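For reference, the structure discussed in these notes is given below.
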Amino acid sequence: MQQVLKNESDYLIFTLDTSQHRKFAYRVLNEGKTKLILLNITTPIKSWEKQHPMMYVGFDHVIGTKMLASHVQTQYPDSADYGLMYYSPGYVSEVRGDTFVKKLKHQGGYELKRAYFTHANRESAYKATLSMFEREQELDFIYACSTDIAFGVVDALQELGKEQVVVNGWGGGDSELEALKAGELDFTVMRMADDTGIAMAEAIKLDMEDREVPRVYSGDFKLLTKQDSVERINQLQQRAFRYSDR
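In terms of this note's numbering, the sequence shown opens at residue 203 and continues consecutively.
What follows is the structure in structure tokens.
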């Protein structure tokens with residue numbers, strides 16, 4: 203990160219996954235030599251209003267989470283017992299995990315039986331799921347805060363013979379879409395991924411032309427379930443990766 207400061211680039215695209223990232227981004231803003239685009243965050247940071255990033259861009263975690271919660275409510279209209287697999291402690295866990303809990307808490311008889319923080323990877327989610335079922339034998343679903351976590355949960359459920367427990371994905375990348383087609387994941391929110399790349403390119407172009415740049419850009423989500431046809435999944439996949447051609 204220090205090398206980035208030495209290079210004095212015109213633009214820097216950066217994320218805020220950790221407190222260290224946040225400190226570094228704040229330093230970039232204070233030095234004022236490089237224009238900062240914050241990726242994967244769509245809520246402006248109030249304390250940075252005087253020296254704010256050029257743009258916040260990504261997919262609103264809260265919107266995606268509420269879409270997942272609404273789908274759960276359609277599948278379990280009255281009540282359900284569930285477990286939750288957080289990301290590592292921090293921003294993503296708050297906006298994806300806590301938002302989900304709050305949404306269900308205010309509507310219906312949904313009871314959170316167990317919640318675990320993970321190391322944001324497949325292995326830790328697998329181990330946490332095994333631990334969860336040592337304490338809670340009957341769960342209707344497990345809410346996962348990321349793709350890797352979802353697959354760790356699936357690994358454990360398969361080992362335990364509890365494939366009937368519903369598991370969501372988060373983001374709708376290629377691996378999740380294949381898992382939906384195979385029936386290994388039950389539902390997910392799919393990001394129209396290339397939207398953010400286009401938005402960042404357009405923002406830089408506008409700035410170079412001395413034109414106003416939107417402060418926030420939030421990309422679009424689509425809800426997908428394992429009941430969706432392969433044709434619909436493929437169509438959305440082509441739209442999401444229309445430029446990156448994944």
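Virtual Cβ for every residue (Gly too), placed ideally from N, Cα, C. Everything numeric in this text was worked out from a predicted model, so none of it was measured.
Expected contact under 8 Å - CB spacing of residue i and residue j to nearest Å
i, j, result
"M394", "R434", "Actually they are not in contact, since the Cβ atoms of M394 and R434 sit about 14 Å apart, beyond 8 Å."
"Y284", "L314", "6 Å"
"S333", "W372", "Not confirmed; about 21 Å, so no contact."
"L438", "M410", "Between M410 and L438 the Cβ distance is about 32 Å, and since that is not below 8 Å, they are no contact."
"L426", "G374", "6 Å"
"F443", "D396", "6 Å"
"L214", "L238", "5 Å"
Boundaries (first-last residue) of the alpha helix (DSSP H) holding residue i
i, result
"L270", "263-277"
"T349", "349-362"
"E378", "376-384"
"G399", "396-410"
"T390", "No alpha helix (DSSP H) holds T390; the beta strand (DSSP E) holding it covers 389-393."
"A282", "Per DSSP, A282 belongs to no alpha helix (DSSP H); it is in the beta strand (DSSP E), 281-287."
"V230", "221-233"
"F343", "Where F343 is concerned, there is no enclosing alpha helix (DSSP H), although the beta strand (DSSP E) it sits in stretches over 343-346."
"A457", "Only positions 203 to 448 of the chain appear in this structure, which leaves residue 457 out of reach."
"V303", "301-307"
Element boundaries [beta strand (DSSP E), containing residue i]
i, result
"L426", "423-427"
"I435", "Run containing I435: none in the beta strand (DSSP E); it sits in the alpha helix (DSSP H), 432-442."
"K237", "237-241"
"G311", "311-318"
"L218", "Neither: L218 is in no beta strand (DSSP E) and is coded neither H nor E."
"Y445", "Looking at the DSSP string, Y445 is not in any beta strand (DSSP E), and its letter there is neither H nor E."
"M189", "Absent from the model: residue 189. The displayed extent of the chain is 203 to 448, so no value can be given."
"S420", "418-420"
Contacting residues, own chain, Cβ-Cβ under 7 Å from residue i (five flanking each side not counted)
i, result
"V432", "K383"
"A401", "V259, Y419"
"G385", "K428"
"K248", "none"
Spatially closest choice to residue i from the options, by CA coordinates
i, options, result
"G266", "V297, F319, V230", "V297"
"A352", "L286, S446, K428", "L286"
"L341", "R413, G375, Y278, T398", "Y278"
"S446", "K235, N436, K407, G399", "G399"
"E233", "V368, E210, T301", "E210"
"Q275", "Q253, D397, Y345, G375", "Y345"
"V367", "A403, Q253, D397, E338", "E338"
"Y328", "F335, H321, V355", "V355"
"T390", "D397, D430, L408", "D430"
"G311", "R413, D412, S281", "S281"
"T236", "K252, K208, R224, E251", "K208"
Heavy atom of the ligand FMN within 7 Å of residue i beta-carbon
i, result
"A395", "Questions concerning the ligand FMN fall outside what the structure shown contains, since it holds no ligand whatsoever."
Beta-carbon proximity list for residue i, same chain, < 6 Å, skipping 5 on both sides
i, result
"F319", "Y288, P291"
"D357", "Y328"
"A405", "M257, V415"
"S326", "T320"
Cβ-based neighbour list, residue i, same chain, cut-off 8 Å, excluding 5 preceding and 5 following
i, result
"S377", "T349, F353"
"S295", "Y288, Y289, F319, C347"
"R224", "L218"
"Y228", "W250"
Original post:
Do the region 261-278 and the region 298-311 meet, that is, are 3 or more Cβ pairs less than 8 Å apart?
Top reply: Cβ pair count under 8 Å is three or more, so yes.
Original post:
Can at least three beta-carbon pairs, one atom from the region 255-262 and one from the region 415-428, be found at a separation below 8 Å?
Top reply: Enough Cβ pairs lie closer than 8 Å, so yes.
Original post:
Are there three or more Cβ pairs, one per stretch, closer than 8 Å when the region 218-233 is compared with the region 349-369?
Top reply: No, the region 218-233 does not touch the region 349-369.
Subject >> At least three beta-carbon pairs within less than 8 Å, the region 232-247 to the region 409-419 >> reply: Between the region 232-247 and the region 409-419, the count of C-beta pairs closer than 8 Å reaches three or more; the two stretches touch.
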